[in-house]
Amino acid sequence: MEPPTLRKAGSKQEEAFGVQPRRVADLGTVPSLRRSNSSLRKVRRSQNLFGNSEKQESLSSWIPENIKKKECMYFVESSKLSDAGKVVCECGYTRQQHLEEATRPHTWQGKDWDPKKHVQEMPTDAFGDIVFTGLGQKVGKYVRLSQDTPPSVIYHLMTQYWGLDVPNLLISVTGGAKDFNMKPRLKSVFRRGLVKVAQTTGAWIITGGSHTGVMKQVGEAVRDFTLSSSHNEGEVVTVGVATWGTVHNREDLIHPSGGFPAEYVMDEEGQGHLTCLDSNHSHFILVDDGTHGRYGVEIPLRTRLEKFISEQTKERGGVAIKIPIVCVVLEGGPGTLHTIYNAITNGTPCVVVEGSGRVADVIAQVAGLPISEVTISRIQQKLSVFFQEVFETLTESRIAEWTKKIQDIVRRRQLLTIFREGKDGQQDVDVAILQALLKASRSHDHFGHENWDHQLKLAVAWNRVDIARSEIFTDERQWKPSELHPVMTAALISNKPEFVKLFLENGVRLKEFVTWDTLLYLYQNLDPSCLFHSKLQKVLAEEPERPVCAPPAPRVQMHHVAQVLRELLGDFTQPLYPRPRTGDRPRLLLPVPNIKLNVQGVSLRSLYKRSPGHVAFTVDPVRDLLIWAIIQNRRELAEIIWAQSQDCIAAALACSKILKELSKEEEDTDSLEEMLALADEYEHRAIGVFTECHRKDEDRAQKLLTRVSEAWGKTTCLQLALEAKDMKFVSHGGVQAFLTKVWWGQLCVDNGLWRVIVCMLAFPLLYTGLISFRERRLQAGPGLPRVRAFFNAPVVIFHLNILSYFAFLCLFAYVLMVDFQPTPSCCEYLIYFWLFSLVCEELRQLFYDPDEFGLMKMALLYFSDFWNKLDIGAILLFIAGLTCRLIPALLYPGRIILSLDFIMFCLRLMHIFTISKTLGPKIIIVKRMMKDVFFFLFLLAVWVVSFGVAKQAILIHNESRVDWIFRGVVYQSYLTIFGQMPAYIDGVNFSLDQCSPNGTDPYKPKCPESDAVRHEPAFPEWLTVILLCLYLLFTNILLLNLLIAMFNYTFQQVQEHTDQIWKFQRHDLIEEYQGRPPAPPPFILLSHLHLFIKRVVLKIPARRRKQLKSKLEKNEEAALLSWEIYLKESYLQNQQYQQKQRPEQKIQDIGNKVSTMVDLLEMESLKRSGSTEQRLASLEEQVAQTSRALQWVMKALRDGGFGSEEGIPAPGA
């Protein structure tokens, strides 16, 4: 709320025509700033990027150039002496405290001391950080500056160099400069409320800065908040504007190059008529006029500074408001009354705290009276009560002057708010302060809706949803949803979830709110610190330059967002936002980034003015808003928006996928943990809703799993869960029941496995009813459809392939060991034919694309599977072995290669057995332990190589054979771990017959160093024995036990989640065999031939696997989503009920109820005491009136001759 005097006569008209008010970032008009804005921004960035030394250097260079102090340049002896009895100048300083040139003879000698002529400005010598000695390590900021310093320079210093955020509110606290007493409860209420309003709204508190009176009260309020609050709640900005010449021990603050820090000592006992600074203030502006001991010097500068700040406009989230200012009054004397009068005259709302004493209580007592009753006699009566000490010294003219000011103050009731503790429904000072600002804003001549719009923007800027509920969203004003859209945008960008919830409660529909313009504007105002913003900037950097003739468009477009989102969601999804076609005009109707929206001019609603044909462009606007909140890791906002979504299971799983992908690139540990925790939370939400659905109707719940979601890139819930690796969701009983249903095809799941195997071996048994089917027509129908349904079931295909694969391995082993002839035999030709069928199946898996992903995507998906890589490796190795085998000269190497290839084919059995509930988890554990082995081998290699090289160098001299070097260094050292000790190492088994003296025998190692005469070893046996003992100690005892411990840890870790992991990986095998041809190799070639004719010759497109991905009709899909929404609401209600039933929540609720009861009892007590005080005051007034009436009667009787002067009682008796 800015003063009316600051609003020029034509300001409204100017703003209505788009003339922009001055922004906080616009410092081009700031005088005497000697650096450009760009350099200043660089300075501020340097403060964040570099250390304290860079900050100090920047501050030390900028302040002396732009901020001055004042010095007396002419010593004129004063008739008064200092407190110490010394001769002082008219400025108050002693001769020694003046500069040398000030004490020399001047041409001015003999003239009177004139501050305008005899005081000059020079660079300040007191600035930097301030620490109060003995009062903790809290560091504040301070600066000494001239009283003529422009407010713009001070404001620039505070926001750019001191790093203060631009405030949403300015609270100017004024009142008694001397210590005064307040009732303990009133003091507590004032302190709590003042700090609360500053902390919640992001306000600056401005006081006099000294450790006395109202400034001390404010400082102690900040101290109490600091001691009781957590680190995350932030610091309350408390700015003390004091007079430099009245600060005690100010010489401690003088540092020409800056004090970093300056240590200040609070000495209240020795301060005399000076004052100490308050240690609980965070920033000090010390105003200097070149004098000593003169109070009130800072008042004009403080007034100008407050006025300048209130003229600035702060823009956040598309809402721009002029920074409102409010004056809070406690106690006070004549100076305080003058301050209130000036504030009210300038249109600044004032909050007067009743019960604080003196002027505050005088105004509070008469505030509710008509102006005609605020008379000199009544004011005189009040002054006699509240100014008892100085009442006798007040003249009638002084009282008349005060009365006139009080009348003018009371006359502007809309700007005056009286805080009465426990009365008029008031409980906290913070509510009174914000209500005062809103009440004052209603007095301004806004145009209809603009008045309410202005108040709502203030409430959003302050982040006070309680004020909005109680003061704005009332029966007095009915809001249209479209009128709330602008502030809804501001609440989203500013991350104020309570306001978003409030607007939704008051009629805002997200489907109407989220349009192309809105969504684009939201993405253009992403939090710069979020990871998605940097990824989006990378995409923009790769964007080709637009041609000169192309129409201008905003830098960020929705297809850029879609590109990043597809990277996060996965290539299996379609782009959420299409790329505009060439020649399309940009859909953005207004240049949103350039719109400056302010509370007194052009309304934010201009953003939402649409052409008649403009409609929402997206499939699901709620989804768009949910994604926008999730990518910025905004938990509360996303929770509110998710509750509004219709495709809620898919939305929760997509959020989990996005967060997990972002966490992989997040470098900040805290943000990473928050993302993973939020991803886990959304997985639990998906599980919760799906559990409700599965409990109600299994078939419909399974349709939700496989339904193609147009809103999420034409994917399914099941696919999203698999891509996000949401193991808890996939291992849910409902999902597993669905997978089991797919696994058994059209067979009943309760068929025993033995029945299936028997019917596989003797399929005529199918006609006997041994196997039961789910569909009645198959159970009672003819035999051929039953046979087809049986052999198309994935479980049957799987077991047929197992039998086929075992037969292939047996035949392969037989050929390798028994029937490997120079000319291939019939069995060997059969293996080649069998392998060719396996190659054809692998090619079918690679190129079969029913979902139309494209060849590149299918290739990536195919090679992302480890078992496919193993298959390709085994096939290529077989081809290499076959090539060698067909060349007579390479027959034996070919057999070796084929033998090694047999091992790879056997390893493929591990994948087949992953379907087993018994073996599957164990295979998973083995895979995890293999990773541990690779890490262990690195440690083991260090010891093996180091010991092997040292042993070889000590024992053998100049061994030139590479194979024997490898044996001595690696092979023998490795076998030593398992107990096979190397010969000759200790000289006991030394024999020249077992080695080659010159190393010429290829089948014997070279002999160690030995004495040729005595035939004894010459190497130091004691050293090699010590090395061997140390080697065995570290490898056998330390490293092997470390490996066992690693295996044990991996086993325990995996064992806890083995069931989840197995259920998760089970899907891949089921999906593979669900789409596999029914015939096993080598008969599968018939299926491949049939498929080739259909796809290549007849050009029949591939069909999507209906069981894992199905597209529903619109009516059926709408009914299914409505059913899902209904059960989502049921889930949310259950969650709220469970939250209330938690012991911690019950204790908190009981505590809140007890606190409420205590507050009500205290308020009732205060009301009773207040009522008693009012009745006593009324009784005293009636007695006084009666006394005056009796005096008048007595006087009338005496004047009429009745009675005499004797015996008349005195008036005061």
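FYI, in this note's numbering the residues of the sequence shown are 146 to 1358.
Beta carbons: idealized from backbone N, C-alpha and C, even for Gly.
All figures in this text were calculated on a predicted structure; none of them were measured in a lab.
Compare the beta carbon distance of residue i and residue j with 8 Å and say whether it is the shorter of the two.
i     : j     : result
F453  : G285  : no
R439  : T481  : no
V318  : V363  : yes
E210  : V359  : no
A795  : C838  : no
L431  : V288  : yes
F564  : V497  : yes
L892  : F935  : yes
L655  : V701  : no
Y1218 : I1032 : no
A348  : L315  : yes
T278  : K213  : no
W979  : P1147 : no
P494  : L560  : yes
K680  : V709  : yes
V1359 : V340  : With the chain covering only 146 through 1358, there is no way to say anything about residue 1359.
I485  : V474  : yes
A788  : A774  : no
A545  : I508  : no
Measuring straight from C-alpha to C-alpha, what distance separates residue i and residue j?
i    : j     : result
Y977 : S970  : 11 Å
T345 : N640  : 14 Å
H704 : L1183 : 57 Å
W624 : D842  : 41 Å
T248 : Y219  : 7 Å
T562 : V342  : 16 Å
V645 : M633  : 6 Å
F717 : K859  : 9 Å
E456 : P295  : 14 Å
E414 : L582  : 40 Å
I947 : L1000 : 29 Å
Q510 : R336  : 22 Å
H301 : W207  : 11 Å
T352 : P445  : 14 Å
Quick test of your reading: residue i and residue j, contact by CB under 8 Å. State the CB separation rounded to the nearest angstrom.
i     : j     : result
E885  : V894  : Note on identity: in this sequence residue 885 is Thr, with Glu being the wrong assignment. About 6 Å separates the two Cβ atoms, so the contact holds.
E246  : K215  : Not a contact, Cβ separation roughly 15 Å.
T1169 : I1122 : Going by Cβ atoms, the distance from T1169 to I1122 rounds to 17 Å, so no, they are not a contact pair.
I516  : T548  : With 8 Å as the limit, I516 and T548 do not qualify as a contact, their Cβ atoms being about 11 Å apart.
T458  : I466  : 7 Å
Beta-carbon within less than 8 Å of residue i's beta-carbon, same chain only, minus the 5 sequence neighbours each way: which residues are those?
i     : result
G652  : W624, K625, P626 and L629
K1254 : T851, V853, T861, Q864 and D996
Who are the Cβ neighbours of residue i in its own chain at under 6 Å, not counting the five residues just before and after it?
i     : result
P398  : Before going on, a small fix: residue 398 reads as Leu here, not Pro. A271 and A407.
K1149 : C1140 and S1141
L1257 : R852
A833  : With the sequence shown as reference, residue 833 is identified as Gly, and Ala is not the correct amino acid for it. Y1276.
K94   : Lying before the first or after the last residue shown, residue 94 is absent from the chain, which here runs from 146 to 1358.
G404  : G273
With a CB to CB cut of under 7 Å and the five nearest residues on each side skipped, what residues in its chain are close to residue i?
i     : result
K323  : T357 and G358
E920  : Q891
L1230 : S982 and C985
F883  : Q847 and L850
C972  : L956, Y959, V960 and D964
Unbroken stretches of the alpha helix (DSSP H), 4 residues or longer, contained in the segment 242–327 = Within the segment 242–327, the complete alpha helix (DSSP H) segments of 4 residues or longer fall at 260–263 and 296–301, listed in chain order.
Uninterrupted beta strand (DSSP E) stretches inside the segment 473–548 (no shorter than 3 residues) = 495–498
Of all the alpha helix (DSSP H) runs that stay within the bounds of the segment 898–970, which reach a length of 4 or more residues?
-> Whole alpha helix (DSSP H) segments, 4+ residues: 898–906, 921–925, 928–936 and 939–962.
Which parts of the segment 362–447 are runs of the beta strand (DSSP E), unbroken and 3 residues or longer, counting only runs that do not cross its ends?
-> 382–388, 404–409 and 428–433
Could you give the uninterrupted runs of the alpha helix (DSSP H) lying entirely in the segment 648–672, keeping only those of 4 residues or more?
-> 655–658 and 661–669
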